[in-house]
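Residue numbers (this note's numbering), protein chains in the order written: chain Y, 1285 to 1455; chain H, 453 to 737.
For reference, the structure is listed below as structure tokens.
In structure tokens, the structure reads:
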């Protein structure tokens, strides 16, 4: 990031390759449509470019970038006037879920878990996405979502508990 | 164990769970004893870890193509407007404050109301504060960078309500004074012409603020919210500008000629914000 702030354009491509897949995954979980997820990933990096002079050299880029992405995602839903949903129609541009391999019981559990993840309140799903999938610390998550550390820990605990219960009950 | 130690220990435990390590494993058990979130996760066992990863596996492979689109967007970020937008946030806020205050200050310097010497100072302060504070809040919200945690959804509605209340305070109070003959004009046949003149003056004075805020804000592809709040700020500052010029103090005139300045800006913000909210020149093709 320091190289990018210093004017190195190639560093921007490196940042994109490092973080875009994670952002894409974060967006696509909630947005469903690949095109919408691409749009918001693009917006995130454009905002990163515009805000580069606000970045303090030595600070952590990852929570900074994820905060931009989460804000853009919220704005997107606000404009759409809806809560996060995922279409189940494979023909409308929604990414095909990768079929889990392995024994049939595990496959059923994965499907149940995926459905349960989508049903979680946005605040809990957001924290789980950042904690499990992106490996952010609770401190980084708290900074990204604008909540206290105890609050995001509670959200994570509740979210994981619901997911576990959903696996057991078949959602 | 403090919070930071728990934080840093989460990732290795996640990796262990992904590899199928049971919750009874000493390393995992030691961590989950202090981290309820990971405890809930570990209780789900390897099936839960596997299922969560499968849930996230569907990622589009077209990111390399998207990089080209992003770099093209970045390439278009040239010229003075792009330069202004990329200034650090405190600089953009400072510049915007200067532009916003320049309008009423210029009016006060070269075109000020003739009754200023007899206008009660405390009332002048109240009249200005109730109009300037919502304008400042609106500009602060639109210029707030996206790397800060988002504000509650009701923020823009609250700022809009404050701005409306602000321009209604003057007409709602008793006239500030009756000590200047010019302040008592604008009644009878002169009511409509003077109200229209003030309304148009306020519109003209608000436009530079609107244009400036649209230049320096780092909109995220769509105008929606930024345009709405920029318009609110412009309307409030246009009202301040006309207040600094017009000596009339009757509530009817203040309502018809001054408070109404905010209306077209709000309408513009709502209509244009809605219209532009669906299209974005920066969006991915």
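Quick reminder that beta carbons are idealized off the backbone N, C-alpha and C, glycines included.
Can you confirm whether residue i, when its beta carbon is compared against all beta carbons of chain Y, has any partner nearer than 7 Å?
{"i": "residue 548 of chain H", "result": "no"}
{"i": "residue 489 of chain H", "result": "yes"}
{"i": "residue 471 of chain H", "result": "no"}
{"i": "residue 564 of chain H", "result": "no"}
{"i": "residue 668 of chain H", "result": "no"}
{"i": "residue 522 of chain H", "result": "yes"}
{"i": "residue 721 of chain H", "result": "no"}
{"i": "residue 463 of chain H", "result": "yes"}
{"i": "residue 495 of chain H", "result": "yes"}
{"i": "residue 612 of chain H", "result": "no"}
{"i": "residue 492 of chain H", "result": "yes"}
{"i": "residue 503 of chain H", "result": "yes"}
{"i": "residue 679 of chain H", "result": "no"}
{"i": "residue 518 of chain H", "result": "yes"}
{"i": "residue 714 of chain H", "result": "no"}
Could you give the DSSP three-state label for residue i: helix, strand or coil?
{"i": "residue 472 of chain H", "result": "coil"}
{"i": "residue 462 of chain H", "result": "helix"}
{"i": "residue 1414 of chain Y", "result": "helix"}
{"i": "residue 1339 of chain Y", "result": "coil"}
{"i": "residue 570 of chain H", "result": "helix"}
{"i": "residue 738 of chain H", "result": "Residue 738 of chain H lies beyond the residue range present for chain H, which begins at 453 and ends at 737; the question has no answer from this structure."}
{"i": "residue 701 of chain H", "result": "coil"}
{"i": "residue 733 of chain H", "result": "Because the pLDDT at residue 733 of chain H is just 41, under 50, the model does not fix this residue reliably, and the value given afterwards should be weighed accordingly. Three-state DSSP puts residue 733 of chain H in coil, outside helix and strand."}
{"i": "residue 1299 of chain Y", "result": "helix"}
{"i": "residue 767 of chain H", "result": "The structure shown does not extend to residue 767 of chain H, since chain H spans only 453 to 737, so no value can be given for it."}
{"i": "residue 724 of chain H", "result": "helix"}
{"i": "residue 545 of chain H", "result": "helix"}
{"i": "residue 665 of chain H", "result": "helix"}
{"i": "residue 615 of chain H", "result": "helix"}
Give a yes or no on whether the minimum CB-CB distance between residue i and chain H is below 7 Å.
{"i": "residue 1342 of chain Y", "result": "no"}
{"i": "residue 1437 of chain Y", "result": "yes"}
{"i": "residue 1303 of chain Y", "result": "no"}
{"i": "residue 1300 of chain Y", "result": "yes"}
{"i": "residue 1316 of chain Y", "result": "no"}
{"i": "residue 1397 of chain Y", "result": "yes"}
{"i": "residue 1409 of chain Y", "result": "no"}
{"i": "residue 1352 of chain Y", "result": "yes"}
{"i": "residue 1448 of chain Y", "result": "yes"}
{"i": "residue 1290 of chain Y", "result": "no"}
{"i": "residue 1358 of chain Y", "result": "yes"}
{"i": "residue 1440 of chain Y", "result": "yes"}
Check the C-beta distance from residue i over to residue j and give it rounded, since I have them as a contact under 8 Å.
{"i": "residue 635 of chain H", "j": "residue 548 of chain H", "result": "Not quite, the Cβ-Cβ distance comes to about 33 Å (not below 8 Å), so this is no contact."}
{"i": "residue 1337 of chain Y", "j": "residue 539 of chain H", "result": "6 Å"}
{"i": "residue 469 of chain H", "j": "residue 489 of chain H", "result": "Going by Cβ atoms, the distance from residue 469 of chain H to residue 489 of chain H rounds to 12 Å, so no, they are not a contact pair."}
Just to check, is the beta-carbon of residue i closer than 6 Å to a non-hydrogen atom of the ligand MN?
{"i": "residue 506 of chain H", "result": "Inclusion of the ligand MN in the displayed structure is not the case, the ligand content being empty and no account of it being possible."}
TODO: Give, in chain order, every residue of the region 592-609 of chain H whose Cβ lies closer than 9 Å to some Cβ of chain Y.
DONE: 597, 598, 599, 600, 601, 602, 603 and 605
TODO: Determine which residues of the region 524-554 of chain H have a Cβ less than 7 Å from any Cβ of chain Y, and write them out in chain order.
DONE: 525, 526, 529, 537, 538, 539, 540 and 541
Task: the region 626-644 of chain H: positions lying closer than 9 Å to chain Y by Cβ - done: none
Open item on the list: So if I threshold CB-CB distances at 8 Å, which residues from the region 1317-1338 of chain Y count as touching chain H?
Closed with: For the region 1317-1338 of chain Y, which is checked against every Cβ of chain H, the residues closer than 8 Å are 1318, 1319, 1321, 1322, 1323, 1325, 1326, 1327, 1329, 1330, 1331, 1333, 1334, 1335, 1336, 1337 and 1338.
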